[in-house]
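Peer 1:
Protein chains: 2
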Amino acid sequence: MQLPESELAVMDLLWVEAPQTSESLITKLGETRGWQPSTVKTLLSRLVSKGALRAERDGRRFMYWPAWQRSQCVSQATRTFLESWFGGQLTPLVAHLSQHRTLRPAERKALANLLRDLENNRDA
Amino acid sequence: MQLPESELAVMDLLWVEAPQTSESLITKLGETRGWQPSTVKTLLSRLVSKGALRAERDGRRFMYWPAWQRSQCVSQATRTFLESWFGGQLTPLVAHLSQHRTLRPAERKALANLLRDLENNRDA
DNA sequence: AATGTCCGTCTACACCTGTAGACTTGCTTC
DNA sequence: GAAGCAAGTCTACAGGTGTAGACGGACATT
């Protein structure tokens, strides 16, 4: 459920669209990250071994599908991150961002709206 | 400015109270993490080499001080985390948490209050 | 002065991560 | 059927990380 940076780049593509062939992924990651085909192949193998991807044979090649859901990985990563830096709490994170002027007014408003919605259809 | 989990444990103690001797840190981390003295010593060396700590000689031993500020490390870590998982935005993080019922009502209220305060003394 | 203590430094080692070349083998095309 | 292409697998290797033992020398204690 833990994904290093480079493997995450692969997963991100497959979370947007699946299945994909290695060819497609190699092309995209070659463009966006400048990776050699071998690099992408290695990452695919590692992801399959750890169970993050499913590879289904289609003739000579494989089709790759995510086996881990993005939302689960996000939850995991978020928990770890908040634990590490903010005692597991969200509010201190927001306080930090606002104190350091990293919270743009637009973002602040979006957040306020989101919270208002949450308050209204509480258990919806 | 990047700190792995284990080094962060050391920094966290020194951010709470500085300076401290290795002895003090070894004791605390021995209790909380079950680390051997050697482990703590290694981490201290690594932190000094990378410039995260300052070590000032005091007779036979060293006094250790943070050379990196916690808030800077937090900012760095937060940026990286938000970039990796939420397109660099805070709102999607909050949305995710609320969708997954990880946002306790108390936390939601605390957040709402914080935002209200921000809105009021905007540039204070 | 001899000896023991303790601190900091060196060395160690396995596993993870980033990055990629070499090789094998099954299809495809002439 | 031979030759080539390409997909997947093996091997590689440096640097980071978690974890810790061994060692050398400065101080303290007898």
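Top to bottom, those sequences are chains A and B. For the first sequence, our numbering assigns the number 9 to the initial residue and increments by one for each residue that follows. For the second sequence, our numbering assigns the number 9 to the initial residue and increments by one for each residue that follows. All C-beta atoms in this analysis are idealised placements derived from N, C-alpha and C, irrespective of residue type, glycine included.
Taking only the alpha-carbon atoms, compute the straight-line gap between residue 63 of chain B and residue 71 of chain B and give it to the nearest angstrom.
Peer 2: If you number the second sequence from 1, residue 63 of chain B lands on position 55. If you number the second sequence from 1, residue 71 of chain B lands on position 63. The straight-line gap from Cα to Cα measures roughly 6 angstroms.
Peer 1: Using 8 angstroms as the threshold, is the C-beta distance between residue 105 of chain A and residue 111 of chain B below it?
Peer 2: Numbered from 1 along the first sequence, position 97 holds the residue referred to as residue 105 of chain A. Numbered from 1 along the second sequence, position 103 holds the residue referred to as residue 111 of chain B. No.
Peer 1: Of all the beta strand (DSSP E) runs that stay within the bounds of the segment 69-99 of chain B, which reach a length of 3 or more residues?
Peer 2: 69-74
Peer 1: Between the C-alpha atoms of residue 89 of chain A and residue 82 of chain A, what's the straight-line distance to the nearest angstrom?
Peer 2: Within the first sequence, the letter at position 81 stands for residue 89 of chain A. Within the first sequence, the letter at position 74 stands for residue 82 of chain A. Their backbone Cα atoms lie some 10 angstroms apart in a straight line.
Peer 1: Between the C-alpha atoms of residue 58 of chain A and residue 18 of chain A, what's the straight-line distance to the nearest angstrom?
Peer 2: Stepping through the first sequence from its first residue, residue 58 of chain A is reached at position 50. Stepping through the first sequence from its first residue, residue 18 of chain A is reached at position 10. C-alpha separation (whole angstroms): 14 angstroms.
Peer 1: In the DSSP assignment, what are the bridge partners of residue 31 of chain A?
Peer 2: In the first sequence, residue 31 of chain A corresponds to position 23, counting from 1. For residue 31 of chain A, which the question treats as bridged, DSSP gives no partner whatsoever.
Peer 1: Shorter than 8 angstroms from the beta carbon of residue 123 of chain A to some beta carbon of chain B?
Peer 2: Start at 1 with the first residue of the first sequence, and residue 123 of chain A comes out as number 115. Answer yes: the Cβ-Cβ gap between residue 123 of chain A and chain B drops below 8 angstroms somewhere.
Peer 1: Nearest by alpha-carbon distance to residue 100 of chain B: which of A/107, A/87, A/119 and A/56 is it?
Peer 2: Position 92 of the second sequence, counting from 1, holds the residue named residue 100 of chain B. Measuring from the Cα of residue 100 of chain B, the nearest candidate turns out to be A/119.
Peer 1: Could you check whether the Cβ of residue 92 of chain A sits closer than 8 angstroms to any Cβ belonging to chain B?
Peer 2: For this step, residue 92 of chain A is matched to residue 84 along the first sequence. Yes, because at least one Cβ of chain B sits closer than 8 angstroms to the Cβ of residue 92 of chain A.
Peer 1: Could you pull out every residue in the same chain whose Cβ sits closer than 6 angstroms to the Cβ of residue 37 of chain B, ignoring the five residues on either side in sequence?
Peer 2: Taking the first residue of the second sequence as 1, we reach residue 37 of chain B at position 29. Taken in chain order, the residues that qualify are 43 and 48.
Peer 1: Report the neighbours of residue 116 of chain A on chain B: residues whose CB is nearer than 8 angstroms to its CB, in chain order.
Peer 2: Stepping through the first sequence from its first residue, residue 116 of chain A is reached at position 108. Taking the beta carbon of residue 116 of chain A as reference, the chain B residues within 8 angstroms of it are 123, 126 and 127, listed in sequence order.
Peer 1: Using DSSP bridges, identify the partner residues of residue 109 of chain B.
Peer 2: Here residue 109 of chain B refers to the residue found at position 101 of the second sequence. As computed with DSSP, residue 109 of chain B is found in no beta bridge at all.
Peer 1: Looking at the strands, I want to know which residues DSSP matches up with residue 63 of chain B.
Peer 2: For this step, residue 63 of chain B is matched to residue 55 along the second sequence. Per DSSP, B/72.
Peer 1: For a test of the three-state rule: what should DSSP assign to residue 42 of chain A, helix, strand or coil?
Peer 2: Position 34 of the first sequence, counted from the first residue, corresponds to residue 42 of chain A. Coil.
Peer 1: Hey, residue 73 of chain B and residue 26 of chain B: beta-carbon distance below 8 angstroms or not?
Peer 2: Locating residue 73 of chain B in the second sequence gives position 65, counting from the first residue. Locating residue 26 of chain B in the second sequence gives position 18, counting from the first residue. In this structure, the beta-carbon distance from residue 73 of chain B to residue 26 of chain B falls below 8 angstroms.
Peer 1: What three-state label does DSSP hand residue 26 of chain B in the structure shown?
Peer 2: Mapped onto the second sequence, residue 26 of chain B falls at position 18. If DSSP states are grouped into helix, strand and coil, residue 26 of chain B belongs with coil.
Peer 1: Which one of A/125, A/117 and A/11 has the shortest CA to CA distance from residue 51 of chain A?
Peer 2: One-based indexing of the first sequence puts residue 51 of chain A at position 43. Considering only alpha carbons, the answer is A/11.
Peer 1: Give me the subset of the segment 19-51 of chain B whose CB atoms are less than 7 angstroms from a CB atom of chain A, sorted by chain position.
Peer 2: Under the 7 angstroms Cβ criterion, the segment 19-51 of chain B contributes no residue.
Peer 1: So does residue 90 of chain B have its beta carbon nearer than 7 angstroms to some heavy atom of the ligand NAP?
Peer 2: Ligands displayed in this structure: none; no statement on the ligand NAP is therefore possible.
Peer 1: Can you tell which of A/78, A/96, A/128 and A/95 has its C-alpha closest to the C-alpha of residue 9 of chain A?
Peer 2: For the purposes of this step, residue 9 of chain A is taken as residue 1 along the first sequence, with counting starting at 1. Of the listed residues, the one whose Cα sits closest to residue 9 of chain A is A/78.
Peer 1: Residue 132 of chain B by DSSP, collapsed to three states: which one?
Peer 2: In the second sequence, residue 132 of chain B corresponds to position 124, counting from 1. Confidence is the limiting factor: at residue 132 of chain B the pLDDT is only 48, short of 50, which leaves the residue's position unreliable, though a coordinate-based value still follows. If DSSP states are grouped into helix, strand and coil, residue 132 of chain B belongs with coil.
Peer 1: Using CA coordinates, which residue listed in A/80, A/116 and A/95 is at the minimum distance from residue 123 of chain B?
Peer 2: As a first step, residue 123 of chain B is located in the second sequence; it is residue number 115 there, counting from the start. Out of A/80, A/116 and A/95, A/116 has the C-alpha closest to the C-alpha of residue 123 of chain B.
Peer 1: Going by beta-carbon coordinates alone, are residue 69 of chain A and residue 29 of chain A separated by less than 8 angstroms?
Peer 2: Start at 1 with the first residue of the first sequence, and residue 69 of chain A comes out as number 61. Start at 1 with the first residue of the first sequence, and residue 29 of chain A comes out as number 21. The answer is yes: Cβ separation under 8 angstroms.
Peer 1: Just to make sure I have the definition right: I need the residues of chain B whose C-beta is within less than 7 angstroms of the C-beta of residue 55 of chain A. Which are they?
Peer 2: Within the first sequence, residue 55 of chain A is the residue found at index 47, counting from 1. Counting only Cβ-Cβ distances below 7 angstroms, residue 55 of chain A has no contacts in chain B at all, with the closest Cβ about 16 angstroms away.
Peer 1: Rounding to the nearest angstrom, what Cα-Cα distance links residue 21 of chain B and residue 109 of chain B in this structure?
Peer 2: The sequence position of residue 21 of chain B within the second sequence is 13, counting from 1. The sequence position of residue 109 of chain B within the second sequence is 101, counting from 1. Rounded to the nearest angstrom, the two C-alpha atoms are 32 angstroms apart.
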